[in-house]
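2 protein chains.
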Amino acid sequence: MKAYPRCAPCLLARVHYEATLSTDDPELQQRAVQAGVRWLDDSFSINTPATYISTGIHRRAYEVLGDEDPYAAKKKMSNEIALKVLPMAEKMVNEDDAFRRSIIASIVGNTLDFGVLGFEPEERFDVYLMDVFKKGLDVDDTDKMKGLLDDVLYIADNCGEIVFDGLVLDQIKRLGGKVTLVVKGAPILTDATLKEAEETGISKKADRVLTTGSNAVGVDLDEAPDELVKALKNASLIISKGMANYEALSEYDFRPIAYLLRAKCEPIAASLGVKKGWNVAILYAFA
Amino acid sequence: MKAYPRCAPCLLARVHYEATLSTDDPELQQRAVQAGVRWLDDSFSINTPATYISTGIHRRAYEVLGDEDPYAAKKKMSNEIALKVLPMAEKMVNEDDAFRRSIIASIVGNTLDFGVLGFEPEERFDVYLMDVFKKGLDVDDTDKMKGLLDDVLYIADNCGEIVFDGLVLDQIKRLGGKVTLVVKGAPILTDATLKEAEETGISKKADRVLTTGSNAVGVDLDEAPDELVKALKNASLIISKGMANYEALSEYDFRPIAYLLRAKCEPIAASLGVKKGWNVAILYAFA
């Protein structure tokens, strides 16, 4: 996916947000924002892949902030809360139509910003989850995914969310498939790395765990280990979680690939041909 | 007021917004956003007056868009809706404590984005207005303003809002004062110019109408007519409506000056020493 005009203010707002997570010093916050502005001035265009711009802007902000992981505390809290909610979600998934429901739980996991703005997940997570179980996904290709589970490459997204990804991993194995889990090679935004995959116990549910090889937003093949490139080519199904992985992987032609996400912004929704706010499990079987 | 780090993404988001108001062409939208990014790269610093940055960014965007007034339709709608609500607001103001209530109505006029996001002003305006009448302003220096109404300079802000400013003008005259109304010299954002002051009939309520001499955000004295500079020096009271006029006039030492606004963002709230969301009528009597 290429960048949209509205990506520029959104990325800059995110840089400001991570600056406030990292420091209370307005001068340092300003320098991070200025570094972001400079990078946008150098790179921003609607002909440029969105993740090229986002990877660059966050790397520059992290460098100015002298902070490898401004979201560290937020990530930790997300995992803790998700692990608390997990038994309830697991029970609800296993009651009926478990593969589809596990996908839904993992998408709802992508929806909720745990620990943000007074949100109380114990109260609302089950309500929202049950709501999406009832009304269904807005695009639902889960049935078509079922026949492609032999050797799945599962590309994870955020902390917190990854705990619910574990429910999908369970279902893939229950249905006789193998699964390779992919996490980020180094901290970026709220994304899960090897550290969090291990701390949450999710890495144990996979037959193999790979990383993207770097802290690039989504996946940057120029920075990815050969093993991951091979796995992308050979997987019976790639499952890609969240918006940033969609932005990155939609620039390549790997097939079959299923994108599981909530379309939280207009550009992603427009690129996918869906509406903002939709919960989407969309399969691209052929290039 | 100097710029805050978070002003940068906010300004860029506003540029994107006005680009979408002006054109459906994503390439032209992109060029407006890029021009904004370039200007931020040139000008953005927390030592720079906020309105220097905002005036520059919108002028560049308007130029790229080839559009003198991207908000024209929105301004027109705001005035129409405000005029529809006016008789009800006027009745409520005159029921009790009319000077204070007129100030409150003009601040509530600053609060509401008429015609935005499905807001239905006929239904909610009276409820919100009555609510603020009841609970009062969060900072209320209206009593101190009453003794300073001999020769008021009233610096207006947005279309729609200006209709309710007329209620304050009525009260100033009722209390024996004279009033000079100041509107923008040319279109900028949703601000009222001479055209809208006349179309709404508000200009007739003033003893004299001046303009800021340009489309600068707030007031830029380098671009203002001598008459306005004199009036700023000689007024018995300056009443400044809205955030942008505060950002601009707080860079100077004109006194006494009353700022009437809702603090819609953190930087303004921090600069004024109030909380975000507060309705404020604050008087600075001495430099």
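Order-wise, the sequence lines are chains A and B. Note that the first sequence ends on residue 313 in our numbering; no numbers are left out. Note that the second sequence ends on residue 313 in our numbering; no numbers are left out. All C-beta atoms in this analysis are idealised placements derived from N, C-alpha and C, irrespective of residue type, glycine included.
Residue environment, residue i, which counts as buried when at least 16 other CB atoms sit within 10 Å
i, result
"B:E187", "buried"
"B:D248", "exposed"
"B:A311", "exposed"
"A:M118", "buried"
"A:R126", "buried"
"B:M114", "exposed"
"A:A99", "exposed"
"B:A29", "buried"
"A:E53", "exposed"
"A:M171", "buried"
"A:M27", "buried"
"B:N260", "exposed"
"A:F145", "Summary for A:F145: the model assigns pLDDT 46, below 50, so the residue's position carries little reliability; its value from the coordinates is reported in the next sentence. Exposed, by the Cβ-count rule."
"B:R234", "exposed"
"A:R150", "exposed"
"A:V142", "Below a pLDDT of 50, predicted positions are generally treated as unreliable, and A:V142, at 44, falls in that range; no measurement from the model is reported."
"B:R32", "buried"
"B:G299", "exposed"
"B:V153", "exposed"
"A:R200", "exposed"
"B:K256", "exposed"
"B:K210", "buried"
"B:D51", "exposed"
"A:D279", "exposed"
"A:D167", "buried"
Distance between beta carbons of residue j and residue i, contact taken as under 8 Å
i, j, result
"A:S128", "A:P96", "That belief does not hold up - the Cβ atoms of A:S128 and A:P96 are roughly 31 Å apart, past 8 Å."
"B:G192", "B:K161", "Wrong, their Cβ atoms sit about 24 Å apart, outside the cutoff."
"A:A218", "A:A270", "Not a contact, Cβ separation roughly 12 Å."
"B:A289", "B:G303", "7 Å"
"A:L179", "A:I264", "5 Å"
"B:V165", "B:I294", "Not confirmed; about 13 Å, so no contact."
"B:E4", "B:K101", "Any property of residue 4 of chain B remains undetermined from this structure, which presents chain B solely from 27 to 313."
"B:L109", "B:I130", "Not confirmed; about 19 Å, so no contact."
"A:D177", "A:S262", "4 Å"
"B:L91", "B:A45", "6 Å"
"B:T77", "B:E273", "5 Å"
"A:T238", "A:L254", "7 Å"
"A:P213", "A:E94", "6 Å"
Bridge-paired residues (DSSP) for residue i
i, result
"A:K102", "Answer is none; A:K102 lacks a bridge partner."
"B:K204", "B:D177"
"A:L309", "A:A284"
"B:I198", "B:I198 pairs with nothing; no bridge assigned."
"A:K28", "A:P75"
"A:V165", "A:V306"
"A:N4", "The structure shown does not extend to residue 4 of chain A, since chain A is modelled only from 27 through 313, so no value can be given for it."
Proximity below 8 Å, CB of residue i to CB of residue j
i, j, result
"A:V243", "A:S80", "yes"
"B:S314", "B:L207", "In the structure as shown, chain B starts at 27 and stops at 313, and residue 314 of chain B therefore has no counterpart that could be examined."
"A:Q56", "B:I72", "yes"
"B:G203", "B:L220", "no"
"B:A39", "A:P251", "no"
"B:L236", "A:V63", "no"
"B:L286", "B:S132", "yes"
"B:F190", "B:G135", "yes"
"A:N184", "A:T216", "yes"
"B:A58", "B:A87", "yes"
"B:N305", "B:V194", "no"
> Residue ranges of each alpha helix (DSSP H) run of no fewer than 4 residues wholly in the stretch 210 to 272 of chain A, ordered along the chain?
Replying inline: Fully enclosed alpha helix (DSSP H) runs of 4 or longer: 220 to 225 and 252 to 260.
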